[in-house]
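**Student:**
Rendered as structure tokens:
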């Protein structure tokens, strides 16, 4: 566990290597956080959920850091407004790295002296996965910052966001029947993946390959963004209010469509897998095509049939609790359950997802208009 | 069908009898519409979906009424902004009643001459149910207008909003198994109730009686509105932003709690059935009590076991399409499906619901923060 | 004074004769009030500033009316939010007329028994002028309601909003020198017109005739609304945000420009005097023409040279206190002085102004983007 | 002129020496700009108003910088939204310093080869004063960033914001009469200080010393922020909406009042000169004290009688053009005149003002609710 912990901490810091100092600071919109904040918040998590709890002599690195770096845990005291994260030039980046070292060392020591403390290990495991989630958020947020900067800075020229997907539009059939859903067996899972339970599915077909950029251009050229019958009412208001007419990182240039990626702004590749669309766009596209999105249960049952396409895949399922779901006691109960309304489940994992983080029962979730996560579309009928 | 049509039209007008002319005009918030508008919009529905379609010689009552009285049908042309409904003093109420008579007569004639026209009859049936929905909306909206007027005007002193519910807090058990869900058999249903399909349910228990005002006061007095662990994150933001601390029509007076009803402002009766709470409050209450809300499938399977309590009952289920759902072609396809995101299903029917309108498979839906519909809470475990 | 009082009360009611009952109720935007509210508020003014003060036995007509009909007097207790005025269907119009009669009678009696009470008479005079101001507001507000109703209802077919202005674009010269400004001599004036004081003016020229519709069309056709160099920075933001491209009641139809007036929607008459422009538009137009707006002092000194054009005329002067200005004690001190920031002075009087209300020293004031008052433009150089 | 230019450029860079790199980037509110942006914008000014105009062979440092660093000149092409200034991590600070050097060198060369080019020199002089204005803005903005950071970082421990004012509350009398106002004689001035003209003033008295913190605490303790009769209507709305109850940088701590300054957070010194109040607070305070604020003309005539107190002093005067004011042609005409509405004039100069920048005829201006400039209060009667 120590090794996994240290590896995770180091990997977070490795993600920062291509950055200039200024890149750690900015927050262009509320849902994006500065890299500096992610570095600190993931340390705060270990500090308040583990170090202060399991080591009575532990001293906070700084008394005011819990106020600065709590994200949304109401039961962990007051916190700065989310919109203020990008307004703080101090603590400096160097200070944050000192804070990280302090926490990493303290937790390593704690683990060394308590190698078999079951409760401790189980929360450390959550902390590690929590940090992996923020590793993906760091990349998502940097992509947003760079992709909305008129200079289109490059994060890393060789960063590959593509799927290895073969052009395969075959359909896999799944028979109707009772299936077991949710985490069972060994290995880590979040509370929202439990309890495992039976679900009855009607027969359905699901496509092997994810939707490509080329397919989505056909939708645009057919007037997809202008036909109200394809859209949910709230989606229609959204595309009007936000002036939406293409996926998030597409740009219409004189010479044709371009797409921004962490490796820079490049001509759009039609064979590449579509990404950064909202649920609204995914659903409108599917309807235009004559199909629909899968439910999260259909996805989970069919997932060993198709090739995962390195995108988070929108499902039709709302993010609600499984039968017999029990949320964790205390502040950790705020981790997942309080978001179980008004959001849609995404399944899979993206090119920005850290290794060993997602799984076939993992339930990611976002509001239906969000698209700065690397989301794609799988068709079902 | 003519009889049912005429009866429905007359009943709408009967609902207006207790009103003074000024009451037909006001729109205090966007989601409330003036009675005058409801009277006209229900006529517009028959005019544009039926009269102009099945009677080639039909002349619109006034050329600009479709612009004024279209609610949300993008495919039926431009329309006035929803927030402007309460800004129009003209057409006068008398003009609107003339419009109603004109449409009622024209449709009666059409039905008389086409007694067996299946498509016509089927859309008229939708139109009748559409008007019944607006009958409930008229009462909901008037309750909102009067309940937010510092003078607390009385709609009708004898209007009874109470349930006949016995104090019965027994629990009914439902076994796990495969159940059939959705409309099947004869009789009218909306497209969102189809197709009937099988659903596997875990074993659960559901309470016979709805939650009462007395039970909810215990929640308030125990600090329910102040404990963040009971609330969804968006709910917590909502109660803070809107300063929510009791159900919509409750008022804390010097002499204790009062509740506004269409029969006036009266001391709160603790034995009466709770109403006008949001999904957020329903879910927080259930969690505080150690229970949960039913899914819409659990509700539907159990509904013949318990006494209906004359409230729309919040379920945990998000409003999404049933398997193999097909939305209607053209503008009628906008009726239901475009709202299938970000809303919760309510089941049952309220003291304001028109007779012969709801059924055991009827799916009502509202955003989770809404509470001007007469919504209540049924507990499950 | 009794005669003037009764005449004023009656005239207010006469203004309502062309209305249908629904017209008394609506409030399409915050700055417009329902006629019903004006009828009540002008009665409230007499009730709280005079009747309760000078008649110890006076009983309020209804205990909750002061809450409903206070406009902005912080020192006169709580009041309903301004945006709620159009949300109240009750008290009914009939009730409001009863309220008016009650107040009119009570005040008549009070005056009859105190014919020489100087303080009483002086506040009654303010109350009469206050009601005259609201007579103009009733017409302004009805014009807004009707002019924004897609049916363009007519208030009164014979209502004449035009000036009798001859086409006279001569310039009058005023010599530099010391001039006396502000109210002096007999007759009523508001506190903001005092104290009379000397002002030194540079030489200037002022045009005899107000700007006409025809002149303003030239501005539009020359791209006046699209040249940022003509506009104040806040004006430029305003025309963009509100999509402003012509005066308030102009409509571009297929057959040319139309203008809405209380007598209905009619083809624009190029010789008529321009009205319903904001200060921003007035200033941009003047700059485009190579001139400027007068200061309020220039206007006051020159006003006996030119023909008044029945428009409120924008001046360049900000609404600030005169030297040695003393605001009234108590709540009446809120009447004028608390608005002495961020507003511009208008001089003159409009076709909607009640007789015997305005004068050569009267200082009207509005925010620079407002234009539902009948404002026009006089050029200076 | 070269010397003055180079000295100004260097001084701007000297102001940055106490900063850490992160401090150059953040923009906590719209009206505050990142230091990085100020460094670039002042270079942009020289580039587009001078270098591209007077040197035909000049090449822009980077083609997209004009888009990034234009502040508000509509006639100089498109520009980034003001709220986005703090969202850009690139160009990096190092790049901006390179840009500055490039521009500084190019302009030095240009001046060297055109030592007597009158038009060139006159715009360079404006550019120098423009940069001095931004020097003050840099300090104002850093003070805002640090003063709103929970860690209250120190800019420079020895930075002195205090006035040397003796406690002197004597009143100076000015006789009524005709006075000459506005810039005349030699030396630089902005267009808004012209033309010099005569103004007639009534007799008045003006206080020698500015209002102190101690005097303002009396206002607070007497309930000044809670008495609506002291406030303008818009001020009353503002203190409610923004929850204002003390000057901007005051903090009520357990041990008493503290004040944040560029030298850090320190106990409030009652003898120090009040700063960072809005016009609204200045006017309410003056009224509470039984006095008023001076007009800008009174200030200008009396300014050689009293000791300047190192604060920008609010006047009662609205920012409007002087008689016979002519704005500059082209884009430089946007510098001052387009802000001549809805703002108040401030006179004097602050402890953050660069040397040789302000003068007795200088007209500073801010919206009446603004208080991040170092504004104080001088009383008049």
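Protein chains in written order, with the working numbering: chain A, 59 to 439; chain B, 59 to 439; chain C, 59 to 439; chain D, 59 to 439.
Every residue, glycine too, gets a C-beta built ideally from N, C-alpha and C.
Just to make sure I have the definition right: I need the residues of chain B whose C-beta is within less than 8 angstroms of the C-beta of residue 137(C). Which are they?
**Tutor:** Correct list: empty, because the minimum Cβ distance to chain B is about 11 angstroms.
**Student:** To the nearest angstrom, report how far apart residue 377(B) and residue 377(A) are at their CA atoms.
**Tutor:** Taking the straight line from one Cα to the other gives about 12 angstroms.
**Student:** Expressed to the nearest angstrom, what Euclidean distance is found between the alpha-carbon atoms of residue 273(D) and residue 415(D)?
**Tutor:** Roughly 30 angstroms separates the two Cα atoms.
**Student:** Could you tell me whether the Cβ of residue 417(C) comes closer than 8 angstroms to any Cβ of chain B?
**Tutor:** So no, residue 417(C) is outside the interface.
**Student:** How big is the Cα-Cα spacing for residue 400(A) and residue 140(A)?
**Tutor:** Rounded to whole angstroms, residue 400(A) to residue 140(A) spans 20 angstroms at the Cα level.
**Student:** Which residue comes first and which comes last in the beta strand (DSSP E) that contains residue 325(C)?
**Tutor:** Here the beta strand (DSSP E) through residue 325(C) covers 322 to 325.
**Student:** Do you know how far the Cα of residue 297(A) is from the Cα of residue 99(B)?
**Tutor:** Cα to Cα, the separation comes out at about 27 angstroms.
**Student:** Could you pull out every residue in the same chain whose Cβ sits closer than 7 angstroms to the Cβ of residue 138(A), ignoring the five residues on either side in sequence?
**Tutor:** Closer than 7 angstroms at the Cβ level, and outside the excluded window around residue 138(A), lie 125 and 126.
**Student:** Got a sec: is the Cβ-Cβ distance from residue 145(D) to anything in chain A below 8 angstroms?
**Tutor:** Chain A, which has a Cβ nearer than 8 angstroms to the Cβ of residue 145(D), makes this yes.
**Student:** Using CA coordinates, which residue listed in 93(C), 277(C) and 371(C) is at the minimum distance from residue 48(C)?
**Tutor:** Since the displayed chain C opens at 59 and closes at 439, residue 48(C) lies outside it and no answer follows.
**Student:** In chain B, which residues lie with their C-beta within 9 angstroms of the C-beta of residue 431(A)?
**Tutor:** Residues of chain B passing the Cβ test: none, with the nearest at roughly 17 angstroms.
**Student:** Could you confirm whether any beta carbon from chain B is found closer than 8 angstroms to the beta carbon of residue 150(C)?
**Tutor:** At least one chain B Cβ lies under 8 angstroms of residue 150(C).
**Student:** Within 10 Å of its beta-carbon, does residue 133(A) have 16 or more other beta-carbons around it, so buried, or fewer, so exposed?
**Tutor:** The residue in question, residue 133(A), is exposed, as its Cβ has fewer than 16 Cβ neighbours within 10 Å.
**Student:** Report yes or no: is there a C-beta of chain D within less than 8 angstroms of the C-beta of residue 74(A)?
**Tutor:** For residue 74(A), the answer is no, since every Cβ of chain D falls outside 8 angstroms of its Cβ.
**Student:** Mind pulling the alpha helix (DSSP H) runs of 4 or more residues that sit fully within the region 271 to 357 of chain D?
**Tutor:** Complete alpha helix (DSSP H) runs here, min 4: 271 to 279, 291 to 299 and 337 to 347.
**Student:** Beta-carbon within less than 7 angstroms of residue 241(C)'s beta-carbon, same chain only, minus the 5 sequence neighbours each way: which residues are those?
**Tutor:** So the qualifying residues of the chain are 247, 251, 252, 254 and 419.
**Student:** Work out the CA separation of residue 288(B) and residue 235(A) for me, nearest whole Å.
**Tutor:** Going from the Cα of residue 235(A) to the Cα of residue 288(B) covers about 36 angstroms.
**Student:** At the level of alpha carbons, what is the spacing between residue 309(B) and residue 321(B)?
**Tutor:** For residue 309(B) and residue 321(B), the distance between alpha carbons rounds to 15 angstroms.
**Student:** Over what stretch of residues does the alpha helix (DSSP H) that includes residue 188(C) continue unbroken?
**Tutor:** First-last of the alpha helix (DSSP H) with residue 188(C): 176 to 205.
**Student:** Please list the partners that residue 397(B) has in chain A, where partner means a Cβ-to-Cβ separation under 9 angstroms.
**Tutor:** Ordered by position in chain A, the residues that pass the 9 angstroms Cβ test against residue 397(B) are 290, 291 and 292.
**Student:** Grouping DSSP H, G and I as helix and E and B as strand, with all else coil, what is residue 106(C)?
**Tutor:** Correct three-state label for residue 106(C): helix.
**Student:** If you compare alpha carbons, which of 206(C), 183(C), 368(C) and 121(C) is closest to residue 245(C)?
**Tutor:** Comparing Cα-Cα distances from residue 245(C) to each of 206(C), 183(C), 368(C) and 121(C), the minimum goes to 183(C).
**Student:** Should residue 41(B) be labelled buried (16 or more other beta-carbon atoms within 10 Å of its own) or exposed?
**Tutor:** The structure shown has nothing for residue 41(B), since chain B only spans 59 to 439.
**Student:** Is residue 256(C) helix, strand or coil when you go by DSSP?
**Tutor:** The answer is strand: DSSP assigns residue 256(C) an E or B state.
**Student:** Check the C-beta distance from residue 436(C) over to residue 265(C) and give it rounded, since I have them as a contact under 8 angstroms.
**Tutor:** Residue 436(C) to residue 265(C), Cβ: 6 angstroms. Contact.
**Student:** According to the Cβ coordinates, are residue 271(D) and residue 330(D) closer than 8 angstroms?
**Tutor:** Their beta carbons are under 8 angstroms apart, which means residue 271(D) touches residue 330(D) by this criterion.
**Student:** Taking 8 angstroms as the CB-CB limit, is residue 374(D) close to chain C?
**Tutor:** Yes, residue 374(D) counts as interfacial toward chain C.
**Student:** Just tell me which of 347(B), 83(B) and 279(B) has its CA closest to the CA of residue 152(B).
**Tutor:** If we check each option's Cα against that of residue 152(B), 83(B) comes out closest.
**Student:** In the DSSP assignment, the beta strand (DSSP E) including residue 373(A) goes from what residue to what residue?
**Tutor:** Its beta strand (DSSP E) spans residues 370 to 376.
**Student:** Would DSSP call residue 427(D) helix, strand or coil?
**Tutor:** Coil.
**Student:** Once you ignore the five residues that flank residue 426(C) on each side, which residues in its own chain have a CB closer than 7 angstroms to its CB?
**Tutor:** 336, 337, 338 and 402.
**Student:** Near residue 398(C), which residues of its chain fall below 7 angstroms by C-beta distance, leaving aside the five closest residues on each side in sequence?
**Tutor:** Excluding positions up to five away in sequence, the list reads 377, 378 and 379.
**Student:** Could you compute how far the alpha carbon of residue 229(A) sits from the alpha carbon of residue 238(B)?
**Tutor:** One C-alpha to the other measures close to 28 angstroms.
**Student:** So, are the CB atoms of residue 90(D) and residue 213(D) less than 8 angstroms apart?
**Tutor:** No.
**Student:** Taking the beta strand (DSSP E) that residue 155(D) falls in, what are its first and last residues?
**Tutor:** Counting along the chain, residue 155(D) falls outside any beta strand (DSSP E), though it belongs to the alpha helix (DSSP H) covering 151 to 171.
**Student:** Spatial neighbours of residue 422(B) within its chain, please: CB distance less than 6 angstroms, with the 5 preceding and 5 following residues excluded, ordered by chain position.
**Tutor:** Excluding sequence neighbours, residue 422(B) sits near 370 and 404.
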